[in-house]
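Peer 1: Taking our numbering, the leading residue of the sequence shown gets 4, the next gets one more, and so forth. This is the structure I have questions about; it appears just below.
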Amino acid sequence: MNLLRSTLFAIIQVFLTILFSLLALLTFPIKPYARYRIIFLWNHIVVRLARAICGIRYEIKGLENMPDHPVIVMSKHQSAWETIALPTLFPPMSIVIKKELLMIPFFGWGMRMASPIAIDRKAGKEALKHIVAQGRERIAEGFWVLIFPEGTRVKAGEVGRYGIGGAWLATHTNTPVLPVAHNAGEVWPKNSFLKRPGTVTVSIGPVISSEGKKADALNEEVKNWIETEMKQLPHA
Numbered sequence: 004m005n006l007l008r009s010t011l012f013a014i015i016q017v018f019l020t021i022l023f024s025l026l027a028l029l030t031f032p033i034k035p036y037a038r039y040r041i042i043f044l045w046n047h048i049v050v051r052l053a054r055a056i057c058g059i060r061y062e063i064k065g066l067e068n069m070p071d072h073p074v075i076v077m078s079k080h081q082s083a084w085e086t087i088a089l090p091t092l093f094p095p096m097s098i099v100i101k102k103e104l105l106m107i108p109f110f111g112w113g114m115r116m117a118s119p120i121a122i123d124r125k126a127g128k129e130a131l132k133h134i135v136a137q138g139r140e141r142i143a144e145g146f147w148v149l150i151f152p153e154g155t156r157v158k159a160g161e162v163g164r165y166g167i168g169g170a171w172l173a174t175h176t177n178t179p180v181l182p183v184a185h186n187a188g189e190v191w192p193k194n195s196f197l198k199r200p201g202t203v204t205v206s207i208g209p210v211i212s213s214e215g216k217k218a219d220a221l222n223e224e225v226k227n228w229i230e231t232e233m234k235q236l237p238h239a
């Protein structure tokens, strides 16, 4: 049954990706903030499809921690689910992605119109400079910034290496960090076609100030909160 559900979901998702990618190209004349709301309708629809077809629900903890100003959201990275769902839970966001994603037909075209911060992960310090330059612009435009510090998805229960990029941006722009933990990898595993029914718990932590902190110390503080919270989450 999971195979049938996952196959149906994938077919519809591909169709919607092509449709919304073409729609995204038509939004080019629109200002980025307004364009975002049109493009990310795709995310809202896919999250609802995941619930209706695959039985993937979610609940949110920590809504009281949501600020009313732009922050840098640093999230656990286990699944494709959070890359789709998190932008539906927060105000308009600029997502830090690897530049290779922009080369994917249709999907990459749509992402290019969504004001991402696309980086070359092999560029070292140049990548950090790019994150700060682009991040500063996005924050000034009113966008929040979403980054997955582990860089790549990890299996449920594992801890990846936390890259410095998000903390570097926070300390160089004096922007607070909002940490997010979740267990989406239990229902939509890394590199898995099959999805299983379950309830993803998304836990939003308290805002962490970047003022007066070194990037590596801030990064460790964020990591400690996320990984400690991961141990408290119920199974999906």
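We treat Cβ as the ideally placed atom computed from N, Cα and C, and that holds for glycine.
Does the distance between the C-beta of E62 and the nearest non-hydrogen atom of the ligand GTP fall short of 7 Å?
Peer 2: Ligands displayed in this structure: none; no statement on the ligand GTP is therefore possible.
Peer 1: If you draw a straight line from the alpha carbon of V74 to that of T86, how long is it in whole angstroms?
Peer 2: Computed Cα separation, rounded: 17 Å.
Peer 1: According to DSSP, is H185 part of a helix, a strand, or is it coil?
Peer 2: H185: strand per DSSP, three-state reduction.
Peer 1: Suppose you measure from the CA of G138 to the CA of M4; what does that come to, to the nearest Å?
Peer 2: Their Cα atoms are separated by approximately 43 Å.
Peer 1: Who are Y61's beta bridge partners in DSSP?
Peer 2: Looking at the DSSP assignment, Y61 forms a beta bridge with V203.
Peer 1: Measure the CB-CB distance between S82 and W171 and report whether it falls below 8 Å.
Peer 2: No. Outside cutoff.
Peer 1: Measure the alpha-carbon distance for L66 versus E224 and round it to whole angstroms.
Peer 2: Distance between the alpha carbons of L66 and E224 is about 20 Å.
Peer 1: Return the CA-CA distance between K101 and I21, expressed in angstroms with no decimal places.
Peer 2: In a straight line, the C-alpha of K101 is about 21 Å away from that of I21.
Peer 1: Between I48 and T30, which are expected to be in contact by the criterion C-beta below 8 Å, what is the C-beta distance as a whole number of angstroms?
Peer 2: Wrong, their Cβ atoms sit about 16 Å apart, outside the cutoff.
Peer 1: Kindly indicate which three-state DSSP category W191 falls into: helix, strand or coil?
Peer 2: Coil, per DSSP.
Peer 1: Looking only at C-alpha atoms, which of V50, T176, I15, W112 sits nearest to E62?
Peer 2: The candidate whose alpha carbon is nearest that of E62 is V50.
Peer 1: Could you give the residue range of the beta strand (DSSP E) that holds S97?
Peer 2: Element bounds for S97: 96-101.
Peer 1: Can you give me the C-alpha to C-alpha distance between K128 and L11, rounded to a whole angstrom?
Peer 2: If you take the alpha carbons of K128 and L11, they lie about 43 Å apart.
Peer 1: Note down, in chain order, each residue of its chain lying with its Cβ closer than 6 Å to the Cβ of W84, except the 5 sequence neighbours on either side.
Peer 2: Excluding sequence neighbours, W84 sits near A187, W191.
Peer 1: Could you compute how far the alpha carbon of C57 sits from the alpha carbon of V99?
Peer 2: Approximately 28 Å, taken between the alpha carbons.
Peer 1: Kindly give me the distance between the Cβ atoms of M69 and I207, rounded to whole angstroms, as I take these residues to be in contact under 8 Å.
Peer 2: The pair is a contact, with the Cβ atoms about 6 Å apart (cut-off 8 Å).
Peer 1: I believe M96 touches W147 by the beta-carbon criterion, under 8 Å. Please report the beta-carbon distance rounded to the nearest angstrom.
Peer 2: Rounded, the Cβ-Cβ distance is 5 Å, consistent with contact.
Peer 1: Kindly indicate which three-state DSSP category A121 falls into: helix, strand or coil?
Peer 2: Looking at A121 - three-state DSSP - the assignment turns out to be strand.
Peer 1: Return yes when the Cβ of V162 is within less than 8 Å of the Cβ of E230, no when it is not.
Peer 2: Yes; because the gap between Cβ atoms is below 8 Å, this pair is in contact.
Peer 1: Could you check if R141 is buried or exposed, using at least 16 other CB atoms within 10 Å of its CB as the buried criterion?
Peer 2: It counts as buried.
Peer 1: Based on Cα-Cα distance, which residue from G145, A143, P94, L149 lies nearest to A121?
Peer 2: Cα-wise, what sits closest to A121 is L149.
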